[in-house]
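Structure first, commentary second.
Numbering (the numbering used here), first residue to last: 6 to 279.
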């Protein structure tokens, strides 16, 4: 599997990008959730690269990208950076997969640049704040920063069906290295974006092909809320049994099967390496 890691320089903060798979294959763009990174896709990527070029972007403030305390972490700004990455890489169109709040960023990307989004896959992305169910007590405050591994595990516990799920050490380290001001900004904006307008309302106006995947045991968003997306013309909703909020880690094989089936039905063009 061909792998390339790049840090793209930008005036508002450098962005880390990883590409896996054949450079001339159709593109799958993966966008991670809040305060996570491209590493959350590690179990899924090898299942996708047989037929696709897979691009992962660490959003500003996350993973191996820059974490400026005064950065603009609003959802439209994050989506604009992702669009700029695709332009820099010469990607004309891609099927875009977003996990959790990464699906919110993916939706904003489709709103801003419908020309680059061949289709959208939202994985356990809450359609509106009315569907949010995670307890507020899971939050980590500034007095507890930087958090311990145990605090991070407690914060992340609702992301999985099994409460004893063990987070990889590198993901724990990345979260510890995030300044609290950046972490707080990353947590807040997706909420504001959903309160401004629900995702089904945004997507219904776009006409972008849509697949929604949802774990039946999601403990952060009400699983039945996945059906809210059915107001989007042509939307397809698939419920995944025995997994929670993070099927990309809990059941990567089934997740990959559904993503690849959707991508085959809404293919991005093959690329000619430059």
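No residue lacks a Cβ here, since even glycine has one placed at the ideal position from N, Cα and C.
Closest residue to residue i among the options (Cα-Cα distance)
| i | options | result |
| --- | --- | --- |
| residue 88 | 250, 121, 173, 155 | 121 |
| residue 168 | 223, 203, 84, 206 | 223 |
| residue 96 | 118, 106, 153 | 118 |
| residue 166 | 186, 193, 225, 157 | 225 |
| residue 148 | 184, 134, 203, 219 | 184 |
| residue 29 | 39, 80, 57 | 57 |
| residue 63 | 12, 212, 171 | 12 |
Cβ shell of residue i (< 6 angstroms), same chain only, five flanking positions each side left out
| i | result |
| --- | --- |
| residue 10 | 23 |
| residue 71 | 18, 19 |
Residues of its chain near residue i, where Cβ-Cβ distance is below 8 angstroms and the 5 sequence neighbours each way are ignored
| i | result |
| --- | --- |
| residue 267 | 100, 124, 126, 214, 216, 241 |
Unbroken beta strand (DSSP E) run spanning residue i, endpoints
| i | result |
| --- | --- |
| residue 241 | 241-245 |
| residue 87 | No beta strand (DSSP E) contains residue 87, which is instead part of the alpha helix (DSSP H) from 80-94. |
| residue 220 | 215-220 |
| residue 34 | 32-36 |
| residue 10 | 8-13 |
| residue 187 | Looking at the DSSP string, residue 187 is not in any beta strand (DSSP E); the run it does join, the alpha helix (DSSP H), is 185-201. |
| residue 103 | 99-104 |
Anticipated Cβ contact below 8 angstroms, residue i with residue j, distance rounded
| i | j | result |
| --- | --- | --- |
| residue 129 | residue 37 | Wrong, their Cβ atoms sit about 12 angstroms apart, outside the cutoff. |
| residue 54 | residue 76 | Residue 54 to residue 76, Cβ: 31 angstroms. No contact. |
| residue 230 | residue 132 | 5 angstroms |
| residue 163 | residue 139 | 5 angstroms |
| residue 78 | residue 65 | 7 angstroms |
| residue 196 | residue 134 | 6 angstroms |
Cutoff 7 angstroms; reference residue i; Cβ partners in own chain excluding five residues on either side
| i | result |
| --- | --- |
| residue 151 | 181 |
| residue 49 | 253, 257, 260, 261 |
| residue 114 | 84, 87, 88, 101, 122 |
| residue 207 | 112, 116 |
| residue 16 | none |
Residue span of the alpha helix (DSSP H) that contains residue i, given as start and end
| i | result |
| --- | --- |
| residue 156 | 154-161 |
| residue 175 | 174-181 |
| residue 123 | Element bounds for residue 123: not the alpha helix (DSSP H) but the beta strand (DSSP E), 122-128. |
| residue 266 | 257-270 |
| residue 207 | 204-209 |
Neighbour flag for residue i against chain D, beta carbons, 9 angstroms
| i | result |
| --- | --- |
| residue 71 | The displayed structure is made up of one protein chain only, and chain D is not part of it. |
Query raised in the report: Below 8 angstroms, can you find three or more Cβ-Cβ pairs linking the segment 38-46 to the segment 172-191?
Result: yes
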